[in-house]
Amino acid sequence: MPTLVPLSRERHAQKCWRHWTSYAFAAQQGLVPLVAAEFPKATMALPIAFVQQGEAYLPVAVLGIEPGVNLFVAPDGRWLGGYVPAVLRSYPFSLAQTGEGQWALCIDEESGLLVAAGEGEPFFAAGGELAERVKAVMAVLQQVEHSRQTTVRACASLSQYGLIKPWPIRVKLGESQDEVEGLFQIDEGVLNRLADGPFLELRRVGALALAYCQLLSMQHIDLLGRLAAHRVQAVSPPPFNLEEPELIQFDWDALRKGGHAGEEG
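full-length UniProt numbering numbers the first residue of the sequence shown as 1 and each following residue consecutively.
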């Protein structure tokens, strides 16, 4: 489990951090949260589903077919897919809400990426403020949090209009099939029968884009079976030709306009 500690001068001024060089830290994460701004690109590379948390539904990338296994992480730590979820790219940093309702930048002190002074990137500049690279990470995480709030509202609207139903995923493994339970999908039949009023309301809150993207992403379920077969054969498949950006870049205009699945994000 991550040990998230708020970044502070008292605790971290004399330490440094390193960027990860392997996705081994995500090897046991079979479901990874997504936010709305990621959908256009994630849709083209990963299966997307919804999970239920209380009465709410939230989107996730489906990266495995059994608990504790991420099929998109090769044994040598390489990422095997065409898109890396934002929550993984920002590792070992994350935002956490404090008791005062504020957001604090945290680091996973058990990540192995916290090092002695002079052995990596500093957390703080000479004047005591956050170092520029850490400021950039925090800005990105704030954007992700902004999109997460948009995502929560959009998913609430999808649920309100009865557009989310159980998705019993069946993945073929050789001669047998594995079934993944507890996931949900968009009900395409209900979506197609929506009256003009609900349809326009869903478009207004950006929920239509999520619905169409989720349906389109379902084509990638077969990829899980292929990755699982490689895993059984102890063969590491070649990765996609993926150039990872240093920072997460979102098309906020497309998100606000409720862009369609085929648009760039």
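Just so it is clear, CB atoms sit at the ideal spot from N, CA and C, and this is done for glycine as well. Treat the numbers as computed from the prediction; the structure is a model and nothing was measured.
For residue i, the residue or residues it bridges with in DSSP
i    : result
I169 : V180
V73  : W79
S94  : C106
W20  : The partner list for W20 (beta bridge, DSSP) is empty, contrary to what the question assumes.
Y161 : For Y161, which the question treats as bridged, DSSP gives no partner whatsoever.
K15  : A116
I186 : I164
Q53  : A56
Assigned secondary structure, residue i (DSSP; H/G/I helix, E/B strand, else coil)
i    : result
D108 : strand
Q142 : helix
P40  : helix
A26  : helix
I48  : strand
I221 : helix
L200 : helix
A7   : According to the sequence shown, residue 7 is Leu rather than Ala. Residue state, collapsed to three classes: coil.
E121 : strand
L130 : strand
A136 : helix
Q214 : helix
N241 : Caution applies to N241, whose pLDDT of 44 falls short of 50 and renders its modelled position unreliable; the value that the coordinates give is listed next. Of the three classes helix, strand and coil, the one that applies to N241 here is coil, per DSSP.
A61  : strand
L31  : strand
Sequence-distant residues of its chain with Cβ nearer than 8 Å to residue i (five each side left out)
i    : result
F240 : Bear in mind that the predicted position of F240 carries a pLDDT of just 49, short of 50, making it too unreliable to give a figure here.
R11  : V5
Residue i and residue j closer than 8 Å at C-beta
i    : j    : result
Y161 : R78  : no
L4   : A139 : no
V62  : A49  : yes
P122 : A131 : yes
F184 : P166 : yes
L200 : P47  : no
Contacts around residue i, its chain only, beta-carbon distance under 6 Å, and the 5 residues preceding and following it disregarded
i    : result
R6   : This sequence places Pro at residue 6; Arg is not what is there. So the qualifying residues of the chain are A104, C106.
G120 : C16, W17, R18
V180 : I65, I169
S157 : L202, V205, A207
Short CB-CB distance (under 8 Å) between residue i and chain D
i    : result
L158 : Going by chain labels, chain D is absent from the structure shown, which holds only one protein chain.
Cut-off 7 Å between Cβ atoms - residues of its own chain near residue i, not counting five sequence neighbours on either side
i    : result
A117 : Q14, K15, C16
L113 : W17, R18, W20, P92
V134 : F123
V87  : V32, P33
- Any chance the region 46 to 56 sits against the region 187 to 200, with 3 or more Cβ pairs inside 8 Å? no
- Three or more beta-carbon pairs under 8 Å between the region 36 to 45 and the region 201 to 217, yes or no? yes
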